[in-house]
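Contents: one structure, followed by commentary.
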Amino acid sequence: MSVTIKDVAKAAGVSVATVSRVLNNSAAVSDETAAAVNEVIKEMGYSPNFLGRNLRKCETNNILAILPSTEHTVYNDIIKGMQDAAYPTYDIILSTSNSYIGAEMRLLEMLFKRTVDAVVILGSQLDAEALNDLNKRYNIALCCENVSGANVLTVTINNEAAAYEAVKMFLDKGKKKIGLVTTSGRKDFKDAPSSADREKGYRRALAEYGIAADEKYIYRCSYDYTDGCEALKYFRTLDEMPEAIFCISDLLAAGVIKQAFRENIAVGTELQVCGFDNISLSEMYNPGITTVAQPGYEMGRTVINKLLDNMHGSVKNNDLIILDHKLVIRGSAK
Numbered sequence: 373m374s375v376t377i378k379d380v381a382k383a384a385g386v387s388v389a390t391v392s393r394v395l396n397n398s399a400a401v402s403d404e405t406a407a408a409v410n411e412v413i414k415e416m417g418y419s420p421n422f423l424g425r426n427l428r429k430c431e432t433n434n435i436l437a438i439l440p441s442t443e444h445t446v447y448n449d450i451i452k453g454m455q456d457a458a459y460p461t462y463d464i465i466l467s468t469s470n471s472y473i474g475a476e477m478r479l480l481e482m483l484f485k486r487t488v489d490a491v492v493i494l495g496s497q498l499d500a501e502a503l504n505d506l507n508k509r510y511n512i513a514l515c516c517e518n519v520s521g522a523n524v525l526t527v528t529i530n531n532e533a534a535a536y537e538a539v540k541m542f543l544d545k546g547k548k549k550i551g552l553v554t555t556s557g558r559k560d561f562k563d564a565p566s567s568a569d570r571e572k573g574y575r576r577a578l579a580e581y582g583i584a585a586d587e588k589y590i591y592r593c594s595y596d597y598t599d600g601c602e603a604l605k606y607f608r609t610l611d612e613m614p615e616a617i618f619c620i621s622d623l624l625a626a627g628v629i630k631q632a633f634r635e636n637i638a639v640g641t642e643l644q645v646c647g648f649d650n651i652s653l654s655e656m657y658n659p660g661i662t663t664v665a666q667p668g669y670e671m672g673r674t675v676i677n678k679l680l681d682n683m684h685g686s687v688k689n690n691d692l693i694i695l696d697h698k699l700v701i702r703g704s705a706k
């Protein structure tokens, strides 16, 4: 039979409460008593049921982060920031929903059953009404993707303004035929708010320069690298292919550039390309990919710090926090 806390208390000649205090590193126990109890724990091979203890306290010291996918390396810096902000009191548990609402709800069961203390969702499939209802009863936050109408702590960037700045860069160079490679607007795919906002930024920049957005210069696809390749193949079929292409992710931009090399198109001169996210690949690629950098690490730290304030404070902060983005110029669009 397994050793219980009562067995430890009896062998050490102390109360169960004293053993519990030792396990919790309480200052109410003398160093001598704590050393004696810890020696008995070691000799008897006692392993405390931390899950049971945490559930009785209604705390697990775990925060669940739900990612829509593990394929996007843009999440790496965000997760690192989250982990650093949570350490040493909390652990970040990672899981993926694959952008499926059923999977997201199953993961949220961990919050409902109190096996985690809070949840950060990096791209939710739930609508504002559902998120607002959850936020009234539990500690949740959104990161990367905001949901219109959601009164929930959210940390992101201004995706519309970032895309506008990237496309305006092309326009300032005299480029007029500018393509867009995006995941937004697909009937078989629920738009991520950021994708829709980046298309709005694209359209605003063109409109400001008196250029009507032309659907033939918009290629709608998934986030897969090969879709970037297919996008350029499609643009090549047009009577006039784009002079520049704005992609809503660096992976799509990498695909466009790869296909350009296959077709002997000089990237950076004959065709300029801009991505989004500033993943590590964008700097290592040849030529380097001009891109919009998101402050991933800062986003991760900020969302956890604000969430912890909500968990331990008397007033819940449901602010939409917009962090600064940065346009990084590299060889694909100098």
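Start counting the sequence shown at 373; every next residue gets the next number (our numbering).
C-beta: ideal position from N, C-alpha, C; glycine also.
Handout entry: Buried or exposed by the 16-neighbour rule on C-beta atoms within 10 Å, applied to G627
Key = Taking the first residue of the sequence shown as position 1, residue 627 is located at position 255. Counting every other CB atom within 10 Å of its CB across the protein chains shown gives G627 a total of 16 or more, marking it as buried.
Practice task
Might you give, ordered along the chain, the residues of its own chain that have their beta carbon closer than 7 Å to the beta carbon of K698, omitting 5 neighbours on each side?
Solution key: Taking the sequence shown and counting its residues from 1, one reaches residue 698 at position 326. If we look at K698 and ignore the five residues flanking it on each side, its Cβ neighbours are A665.
Practice task
Thinking V524 and A513 are a contact (beta carbons under 8 Å), I'd like their distance in whole angstroms, please.
Solution key: Working through the sequence shown from its first residue, we reach residue 524 at position 152. Working through the sequence shown from its first residue, we reach residue 513 at position 141. The pair is a contact, with the Cβ atoms about 7 Å apart (cut-off 8 Å).
Handout entry: Residues of its chain near E721, where Cβ-Cβ distance is below 8 Å and the 5 sequence neighbours each way are ignored
Key = The structure shown has nothing for residue 721, since the chain only spans 373 to 706.
Handout entry: Touch test, the region 628 to 635 against the region 594 to 614, Cβ-Cβ under 8 Å, three pairs minimum
Key = yes
Exercise for the section: Per DSSP, which residues does I694 bridge with? Please list them. Expected result: Mapped onto the sequence shown, residue 694 falls at position 322. Looking at the DSSP assignment, I694 forms a beta bridge with T528.
Problem - Straight-line Cα distance separating I661 from L543 - result: Within the sequence shown, numbered from 1, the residue matching residue 543 stands at position 171. Within the sequence shown, numbered from 1, the residue matching residue 661 stands at position 289. Those two C-alpha atoms are separated by around 18 Å.
Exercise for the section: Determine the extent of the alpha helix (DSSP H) in which D611 is found, giving its start and end residues. Expected result: Position 239 of the sequence shown, counting from 1, holds the residue named residue 611. D611 -> no alpha helix (DSSP H), and no H or E assigned at all.
Exercise for the section: Could you tell me whether the Cβ atoms of P659 and G647 are closer together than 8 Å? Expected result: Start at 1 with the first residue of the sequence shown, and residue 659 comes out as number 287. Start at 1 with the first residue of the sequence shown, and residue 647 comes out as number 275. Against a cut-off of 8 Å, the Cβ pair of G647 and P659 comes out as no contact.
Exercise for the section: Give the secondary structure of V700 by DSSP, where H, G and I count as helix, E and B as strand, and everything else as coil. Expected result: Here the question's residue 700 lines up with position 328 in the sequence shown. If DSSP states are grouped into helix, strand and coil, V700 belongs with the strands.
Problem - Local conformation of R592 per DSSP, three classes - result: The count along the sequence shown starts at 1 and reaches residue 592 at position 220. It is a strand residue.
Problem - Complete alpha helix (DSSP H) runs within the region 401 to 469 (minimum length 4 residues, chain order) - result: 403 to 416, 422 to 428, 446 to 458
Problem - Whole-Å CB distance - P667 paired with D649, under 8 Å assumed - result: Here the question's residue 667 lines up with position 295 in the sequence shown. Here the question's residue 649 lines up with position 277 in the sequence shown. Not really, about 11 Å apart at Cβ, beyond 8 Å.
Handout entry: Residue nearest to I693 in terms of C-alpha spacing, selected from S567, T528, P614
Key = Translated into the one-based positions of the sequence shown, residue 693 becomes position 321. Per the Cα distances, T528.
Problem - Helix, strand or coil at A551 [DSSP, three-state] - result: Taking the first residue of the sequence shown as position 1, residue 551 is located at position 179. In the sequence as presented, Ala is not what sits at residue 551; that position holds Gly. Correct three-state label for G551: strand.
Exercise for the section: Kindly indicate which three-state DSSP category Q644 falls into: helix, strand or coil? Expected result: By 1-based counting over the sequence shown, the position of residue 644 is 272. Looking at Q644 - three-state DSSP - the assignment turns out to be strand.
Exercise for the section: Pull up the CB-CB distance for A400 and R393, whole angstroms please, since I reckon it's below 8 Å. Expected result: Taking the sequence shown and counting its residues from 1, one reaches residue 400 at position 28. Taking the sequence shown and counting its residues from 1, one reaches residue 393 at position 21. Indeed, because the Cβ distance is near 6 Å, the residues count as touching under 8 Å.
Exercise for the section: Tell me whether the beta-carbon of I629 lies closer than 8 Å to the beta-carbon of V446. Expected result: As a position in the sequence shown, residue 629 is number 257, starting the count at 1. As a position in the sequence shown, residue 446 is number 74, starting the count at 1. Cβ atoms of I629 and V446: not closer than 8 Å.
Exercise for the section: Determine contact between the region 506 to 521 and the region 571 to 583, defined as no fewer than three beta-carbon pairs at a distance below 8 Å. Expected result: Judged by Cβ distances under 8 Å, the region 506 to 521 makes no contact with the region 571 to 583, as fewer than three pairs qualify.
Handout entry: Proximity below 8 Å, CB of S467 to CB of L503
Key = In the sequence shown, the residue the question calls residue 467 occupies position 95. In the sequence shown, the residue the question calls residue 503 occupies position 131. Going by C-beta atoms, S467 is not nearer than 8 Å to L503.
Practice task
Below 7 Å CB to CB, which residues in the same chain sit around T487 once its five sequence neighbours on both sides are set aside?
Solution key: In the sequence shown, residue 487 corresponds to position 115, counting from 1. Here the set comprises T432.
Practice task
Could you tell me whether the Cβ of E571 comes closer than 8 Å to any Cβ of chain C?
Solution key: Chain labels in this structure do not include chain C; a single protein chain is all it has.
Exercise for the section: Determine the burial state of T461: buried for a count of at least 16 other Cβ atoms within 10 Å of its Cβ, exposed for fewer. Expected result: Along the sequence shown, read from residue 1 onward, the residue named residue 461 stands at position 89. Exposed, because fewer than 16 other Cβ atoms sit within 10 Å of the Cβ of T461.
Problem - Three-state secondary structure assigned by DSSP to A500 - result: Working through the sequence shown from its first residue, we reach residue 500 at position 128. Note: A500 maps to helix in three-state DSSP.
Exercise for the section: Just the C-alpha distance for H684 and R576, rounded to the nearest angstrom, thanks. Expected result: Counting from one through the sequence shown, the residue named residue 684 turns up at place 312. Counting from one through the sequence shown, the residue named residue 576 turns up at place 204. Between H684 and R576, the C-alpha separation is close to 42 Å.
Practice task
Label I701 either buried or exposed according to how many other C-beta atoms from any shown protein chain fall within 10 Å of its C-beta, with 16 as the threshold for buried.
Solution key: For the purposes of this step, residue 701 is taken as the residue at position 329 of the sequence shown. With fewer than 16 other Cβ atoms within 10 Å, it is exposed.
Practice task
Check whether the Cβ atoms of T555 and A564 sit closer than 8 Å, and answer yes or no.
Solution key: Here residue 555 is taken as the residue at index 183 of the sequence shown, counted from 1. Here residue 564 is taken as the residue at index 192 of the sequence shown, counted from 1. Cβ atoms of T555 and A564: closer than 8 Å.
Problem - Backbone CA spacing between K549 and D505 [nearest angstrom] - result: Position 177 of the sequence shown holds residue 549. Position 133 of the sequence shown holds residue 505. Computed Cα separation, rounded: 45 Å.
Practice task
Have a look at T442 and L483 and give me their C-alpha separation to the nearest angstrom.
Solution key: Counting from one through the sequence shown, the residue named residue 442 turns up at place 70. Counting from one through the sequence shown, the residue named residue 483 turns up at place 111. Going from the Cα of T442 to the Cα of L483 covers about 21 Å.
Exercise for the section: Output yes or no for whether 8 Å exceeds the beta carbon distance between E537 and K572. Expected result: Counted from its first residue, the sequence shown places residue 537 at position 165. Counted from its first residue, the sequence shown places residue 572 at position 200. Contact: no.
Exercise for the section: Taking only the alpha-carbon atoms, compute the straight-line gap between S594 and S566 and give it to the nearest angstrom. Expected result: Position 222 of the sequence shown, counting from 1, holds the residue named residue 594. Position 194 of the sequence shown, counting from 1, holds the residue named residue 566. Between S594 and S566, the C-alpha separation is close to 14 Å.
Exercise for the section: Leaving aside the five residues before and after N507 along the sequence, list all residues of the same chain whose C-beta is less than 6 Å from its C-beta, in chain order. Expected result: Indexing the sequence shown from 1 puts residue 507 at position 135. Cβ within range, chain order: V524.
Practice task
Report the three-state DSSP secondary structure of I493 (helix, strand or coil).
Solution key: Counting from one through the sequence shown, the residue named residue 493 turns up at place 121. Three-state DSSP puts I493 in a strand.
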